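Numbering (my numbering), first residue to last: 351 to 512. Ideal Cβ positions, reconstructed from N, Cα and C, are used throughout, including at glycine. These figures come from a predicted structure and were not determined experimentally.
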């Protein structure tokens, strides 16, 4: 059965593919191999989150129609990251990265496991995730909180721009 997944995309390093925007465009193309990309947001320049000193991010979101199960899709997203040069071990958490792909929502599915948490546990707290996602899927609903993406963004308030 075809399901609709929301995926956040981000980059703050140059790579063999080019600048941050080029990284995002390559990632979107490769994620399309896991299903069919039906919508891609604008890309937003945002400040990094956390204590690691690093360059600014370019963030966006996409909607993917897929027949994969949630864990298969997450593993596919991690494979795209690896193929694009993302290293997760031995580096600072939330540090600089060529590409970051986060599975945010998968229909109304809820998964709690060591390997996958759905919906993404911090998505409702991150304007840099909600703003691009609201642009393409403001009506998608968080299956635990019950709020739409647009409502979660509204709760972020105007003072929390990044």
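Under 7 Å between the Cβ atoms of residue i and residue j?
i, j, result
"residue 473", "residue 454", "yes"
"residue 490", "residue 499", "yes"
"residue 412", "residue 376", "no"
"residue 487", "residue 355", "no"
"residue 422", "residue 388", "no"
"residue 482", "residue 410", "yes"
"residue 457", "residue 353", "yes"
"residue 430", "residue 381", "yes"
"residue 451", "residue 359", "yes"
With DSSP collapsed to three states, give me the class of residue i.
i, result
"residue 409", "strand"
"residue 434", "coil"
"residue 502", "helix"
"residue 363", "coil"
"residue 358", "strand"
Spatial neighbours of residue i within its chain, please: C-beta separation below 6 Å, excluding the five flanking residues on both sides.
i, result
"residue 434", "448 and 449"
"residue 372", "none"
Mind checking whether the beta-carbon of residue i lies closer than 6 Å to any heavy atom of the ligand GTP?
i, result
"residue 507", "Because no ligand of any kind appears in the structure shown, any question about the ligand GTP cannot be addressed here."
Using a Cβ-Cβ cutoff of less than 7 Å, which residues in the same chain neighbour residue i once the five nearest sequence positions on both sides are dropped?
i, result
"residue 445", "402 and 404"
"residue 466", "420, 421 and 424"
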